[in-house]
Ligand code: 3PG
């Protein structure tokens with residue numbers, strides 16, 4: 009699957025920071041049951057790689073990828089444990105559209121976007137979306153860069169997601185709001201499934 013096909017699967021990609029390996033599979037199943045099959049497991053906790061491997065292997069219907077991928081070797085490592093895509097907060101020097109797993113690089117400026125386009129990418133994470141101009145920044149990018157498509161992430165929530173999803177150059181958004189830390193720690197999978205269901209119903213342009 010190419011990154012374009014993955015981003016087309018749902019309007020929201022849950023961005024997950026998982027501290028406890030025991031939470032990984034039930035959390036992923038709740039999100040998939042709610043209608044969000046694309047899951048981004050951030051490499052920010054000691055158990056992240058194990059969570060990724062387990063979720064990639066055990067959750068039917070999920071497309072599991074890695075987030076916070078910062079280096080070429082991490083891109084390879086997440087591919088090796090079954091990630092179907094990788095997300096980075098920025099451009100990874102030397103990395104192109106070709107690689108062991110599709111990569112969604114982050115950009116925040118026109119210059120970074122131009123470097124990403126030159127490296128062969130067509131899809132970008134706008135990060136941190138709400139800080140670097142939000143929907144207005146994406147409207148401004150649309151005219152000089154009609155070929156670029158975005159998944160804004162960073163400060164996106166149920167309230168502002170519709171503003172992003174209405175834009176023609178936005179394919180989906182990313183965010184952690186569908187898996188609140190307190191709900192994960194409490195094992196409140198019902199609440200997470202309900203949040204996922206609401207997110208999955210958000211209309212796209
Ligand atoms: C990330 O951490 O990659 C995203 O910025 C998640 O941001 P959020 O917690 O504001 O949704």
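In the numbering used here, the protein residues as written are 9 to 213.
Idealized CB from N, CA, C, for every residue including glycine.
Since this is a predicted model, take the numbers as computed values, not measurements.
Checklist line | Cβ-based burial, residue 175 [other Cβ within 10 Å; buried from 16] | finding: Position 167 of the chain shown, counted from the start, is the residue given in the question as residue 175. By the 10 Å Cβ count, residue 175 comes out buried.
Checklist line | Complete runs of the beta strand (DSSP E) confined to the region 16-69 [at least 3 residues] | finding: 20-24, 46-50
Check: In angstroms, rounded to a whole number, what distance separates the CA positions of residue 212 and residue 121?
Finding: Along the chain shown, read from residue 1 onward, the residue named residue 212 stands at position 204. Along the chain shown, read from residue 1 onward, the residue named residue 121 stands at position 113. Answer to the nearest angstrom: the Cα atoms are 23 Å apart.
Note to self: Does the beta-carbon of residue 184, which I'm using as the reference point, lie nearer than 6 Å to any heavy atom of ligand 1?
What the structure shows: For the purposes of this step, residue 184 is taken as the residue at position 176 of the chain shown. Yes.
Check: Who pairs with residue 181 in a beta bridge, going by DSSP?
Finding: Numbered from 1 along the chain shown, position 173 holds the residue referred to as residue 181. Looking at the DSSP assignment, residue 181 forms a beta bridge with 20.
Item checked: Close Cβ partners of residue 14 (< 8 Å) along its chain, the five nearest in sequence each way excluded -> For the purposes of this step, residue 14 is taken as the residue at position 6 of the chain shown. These residues qualify, in order along the chain: 46, 71, 73, 92, 93, 110.
Next item on the list: Count the other CB atoms, across all protein chains shown, that sit within 10 Å of the CB of residue 139; report buried if there are 16 or more and exposed otherwise.
Entry: To locate residue 139, count along the chain shown from 1; it is residue 131. Residue 139 should be labelled exposed.
Item checked: Bounding residues of the alpha helix (DSSP H) (the contiguous stretch that carries residue 147) -> Here the question's residue 147 lines up with position 139 in the chain shown. Looking at the DSSP string, the run of the alpha helix (DSSP H) that includes residue 147 is 142-150.
Check: How many Å lie between residue 205 and residue 135 at the Cα?
Finding: Within the chain shown, the letter at position 197 stands for residue 205. Within the chain shown, the letter at position 127 stands for residue 135. Residue 205 and residue 135: Cα-Cα distance of roughly 25 Å.
Note to self: Looking at residue 97: is its Cβ nearer than 7 Å to the Cβ of residue 124?
What the structure shows: Here residue 97 refers to the residue found at position 89 when the chain shown is read from its first residue. Here residue 124 refers to the residue found at position 116 when the chain shown is read from its first residue. No, the Cβ-Cβ distance between residue 97 and residue 124 is not below 7 Å.
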